[in-house]
C-alpha cells in the first residue's frame, strides 16, 4: 500500500489531492476521500497539497491513525479497482467506520 487518507479529511474533502494525482486513484466517498492502494503509484504528490495534513505514506502512518490503512483498502472491496476515480464519480458511501464516526 502506498498513501492513505486519514481522519482529518472527514467532512473536509478539499480535493486538492485529486487535482494533483497523476493516476486518478483518489476516490470521493460521502464524508472523505480514499486512495485506492492498487492504483496508487506511490508518487507522493498528494501528500504536500493536503491542507489538513490527512495524507500519509502507509509506512509513516502515526500510531493513532494506523486504522486508516485498512479503512482505505477495505473501501474498495465493493467497487474494486475501476481504473480511475473520474470514471465513476462520487461513490455515494463511506467505509462503515467513517460513516458511523461523529462529525
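In the UniProt record's numbering, the protein residues as written are 1 to 103.
C-beta atoms are modelled at their ideal positions from N, C-alpha and C, and glycine is treated no differently.
Item to check | Cβ of residue 86 within 7 Å of any chain D Cβ | outcome: No chain D appears in this structure, which consists of one protein chain only.
Checklist entry - Under a three-way DSSP split, which group does residue 10 fall into? => result coil
Checklist entry - What span of residues does the beta strand (DSSP E) with residue 4 cover, start to end? => result 3-5
Item to check | Buried or exposed (CB count within 10 angstroms, at least 16 for buried), residue 41 | outcome: exposed
Next on the checklist: Less than 7 Å between the beta carbons of residue 75 and residue 34, yes or no?
Outcome noted: yes
Checklist entry - Based on the DSSP output, what are the partners of residue 26 in its beta bridges? => result 35
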